[in-house]
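What follows is one structure encoded as structure tokens, with my remarks underneath.
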């Protein structure tokens, strides 16, 4: 139960961050990716601030031997660069540039009143399913 | 540069970083949205509750801010549904295949100086910028 509450709290902070920074606005995201047009560099600062806070925070947190409400830390430890990683990231970037949504902002914008996130998130779930089916053997 | 918003970007970014720190500190998990969400499609026992709660939190946090503050932007209208569907499919397949998105690789992975995440972030920023370039120029 406690782990659900802490997760809910983290989710609320994340959703607030996405809304405050306007990452939930796909036009803002596309303006950031449009480096040869009317470029809006704001999202670099979003990333900079997020990385700065977590860079320091992660180092403090992982000094503990276990998390507060779970038995162990689950942190990825892979270091190999494979074609799945690069192709996946490349496809993701194309979709991101096409519509201006990545997963977090699209989900966070579901209650914003626009119908766009609903269509996007439904297709995104289909995409998760397609990939899970393709890689399951 | 008419819509440059440095302060809201820095404050919002700090909230995102804080959220990632809280989730790791409490739950020992990386705040990668695509991973948290797609994990629901292959549920393991006792592993879905925290995922659903995190997603509920995203909705609550963003909705509260968007509903309670004056609108910061005009919603986009008349955008192609086909584009939304193709983009959603690509983002779903791509983040699933590449094990992460802007949050998991771009924020958490880069903060951990993970080489995989740094490569992924450079790649999706690159293809994202190229896509916008081609869609606006041609």
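Residue numbers (the working numbering), protein chains in the order written: chain A, 70 to 206; chain B, 21 to 158. For every residue, glycine included, the Cβ atom is placed at its ideal position computed from N, Cα and C.
Answer yes or no: do residue i and residue j have a C-beta to C-beta separation smaller than 8 Å?
i                      : j                      : result
residue 72 of chain A  : residue 47 of chain B  : yes
residue 121 of chain B : residue 161 of chain A : yes
residue 182 of chain A : residue 99 of chain A  : no
residue 156 of chain A : residue 117 of chain B : yes
residue 192 of chain A : residue 93 of chain A  : no
residue 164 of chain A : residue 108 of chain B : yes
residue 30 of chain B  : residue 112 of chain A : no
residue 186 of chain A : residue 195 of chain A : no
residue 143 of chain B : residue 158 of chain A : yes
residue 104 of chain B : residue 188 of chain A : yes
residue 42 of chain B  : residue 85 of chain A  : no
residue 166 of chain A : residue 124 of chain B : no
residue 180 of chain A : residue 36 of chain B  : no
residue 144 of chain A : residue 136 of chain B : no
residue 103 of chain A : residue 106 of chain B : no
residue 130 of chain A : residue 45 of chain B  : yes
residue 127 of chain A : residue 132 of chain B : yes
residue 28 of chain B  : residue 90 of chain A  : yes
residue 110 of chain A : residue 101 of chain A : yes
residue 22 of chain A  : residue 61 of chain B  : Shown here, chain A extends from 70 to 206; a query on residue 22 of chain A therefore has no answer.
residue 83 of chain B  : residue 79 of chain A  : no
residue 130 of chain B : residue 139 of chain B : no
residue 96 of chain B  : residue 95 of chain A  : yes
residue 56 of chain B  : residue 71 of chain B  : yes
Is DSSP giving residue i helix, strand or coil here?
i                      : result
residue 21 of chain B  : Residue placement at residue 21 of chain B is poorly supported in this model, since its pLDDT is 43, which falls under 50; the coordinates still yield a value, given next. Note: residue 21 of chain B maps to coil in three-state DSSP.
residue 204 of chain A : helix
residue 84 of chain B  : helix
residue 121 of chain B : coil
residue 50 of chain B  : coil
residue 71 of chain A  : helix
residue 66 of chain B  : coil
residue 91 of chain A  : coil
residue 184 of chain A : coil
residue 123 of chain A : helix
residue 106 of chain A : coil
residue 198 of chain A : helix
residue 215 of chain A : This structure gives no information on residue 215 of chain A, because the portion of chain A shown stretches from 70 to 206.
residue 78 of chain A  : helix
residue 101 of chain A : helix
residue 117 of chain A : helix
residue 139 of chain B : helix
residue 158 of chain B : coil
residue 89 of chain B  : coil
Mind pulling the alpha helix (DSSP H) runs of 4 or more residues that sit fully within the stretch 136 to 182 of chain A? Complete alpha helix (DSSP H) runs here, min 4: 152 to 168, 172 to 177.
Counting only Cβ-Cβ distances shorter than 7 Å, please list the residues of the stretch 42 to 72 of chain B near chain A, keeping chain order. Those residues of the stretch 42 to 72 of chain B that come within reach of chain A (Cβ to Cβ, closer than 7 Å) are 42, 43, 44, 45, 46, 47, 48, 49, 50, 51, 53, 54, 57, 58, 61, 62, 69, 70.
Using a Cβ-Cβ cut-off of less than 9 Å, list which residues of the stretch 77 to 95 of chain B approach chain A; keep chain order. 77, 78, 79, 80, 81, 82, 83, 84, 85, 86, 87, 89, 92, 93, 94, 95
Segments of 4+ residues assigned as alpha helix (DSSP H) that fall wholly inside the stretch 91 to 136 of chain B: 101 to 117
Check distances from the C-beta atoms of the stretch 79 to 100 of chain A to those of chain B and list, in chain order, the residues that come in under 9 Å. From the stretch 79 to 100 of chain A, only 79, 80, 81, 82, 83, 84, 85, 86, 87, 88, 89, 90, 91, 92, 93, 94, 95, 96, 97, 98, 99, 100 have a Cβ closer than 9 Å to chain B.
Tell me which residues of the stretch 114 to 129 of chain A have at least one Cβ-Cβ distance to chain B shorter than 7 Å, keeping chain order. 114, 115, 116, 117, 118, 119, 120, 121, 122, 123, 124, 126, 127
Check distances from the C-beta atoms of the stretch 96 to 110 of chain B to those of chain A and list, in chain order, the residues that come in under 8 Å. 96, 99, 101, 103, 104, 105, 106, 107, 108, 109, 110
At a CB distance below 8 Å, what residues from the stretch 132 to 154 of chain B approach chain A? Give them in sequence order. Residues of the stretch 132 to 154 of chain B with a C-beta less than 8 Å from any C-beta of chain A: 132, 134, 135, 136, 139, 140, 141, 143, 144, 145, 146, 147, 148, 149, 150, 151, 152, 153, listed in chain order.
What residues in the stretch 152 to 171 of chain A have a beta carbon less than 9 Å from any beta carbon of chain B? 153, 154, 155, 156, 157, 158, 159, 160, 161, 162, 163, 164, 165, 166, 167, 168, 169, 170, 171
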